[in-house]
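Asker: Going by my numbering, the sequence shown opens with residue -8, and the numbers climb by one from there.
Got a structure here, written out as structure tokens. Questions coming.
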Amino acid sequence: MSDLIKHRVSESVGKGVKIFLHNGFRYAGKITNFDEKYIEIIDYKSGAYKIIEFCDIKDCEVEK
């Protein structure tokens, strides 16, 4: 997993994100928190918090 993704997430708390996982799943939501191992988002579709491990992330798109 790229340190670039971690860096982008660290500067983007409160912004919208689309996260694509290695297993083909994807999530769209707002970044609420993160640490060295996980990212927490509020999923737009379910309205629930999702906690995703950084090593599972294949790609992500962060809003400007």
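Just so it is clear, CB atoms sit at the ideal spot from N, CA and C, and this is done for glycine as well.
(1) Measure the alpha-carbon distance for residue 1 versus residue 25 and round it to whole angstroms.
(2) Determine whether the beta carbon atoms of residue 10 and residue 46 lie at a separation below 9 Å.
(3) Rounding to the nearest angstrom, what Cα-Cα distance links residue 49 and residue 35 in this structure?
(4) What runs of the beta strand (DSSP E), each 3 residues or longer, lie entirely inside the stretch 6 to 36?
(5) For residue -1, collect the residues of the same chain with a Cβ closer than 6 Å to its Cβ; drop the 5 residues on either side in sequence, then sort them by chain order.
Answerer: Once the coordinates are examined:
(1) Rounded to whole angstroms, residue 1 to residue 25 spans 7 Å at the Cα level.
(2) Taking 9 Å as the Cβ cut-off, residue 10 and residue 46 do not qualify as a contacting pair.
(3) When rounded, the distance between both Cα atoms is 20 Å.
(4) Taking only runs of at least 3 residues, the beta strand (DSSP E) segments lying wholly in the stretch 6 to 36 are 7 to 12, 17 to 25, 29 to 34.
(5) Around residue -1: 53.
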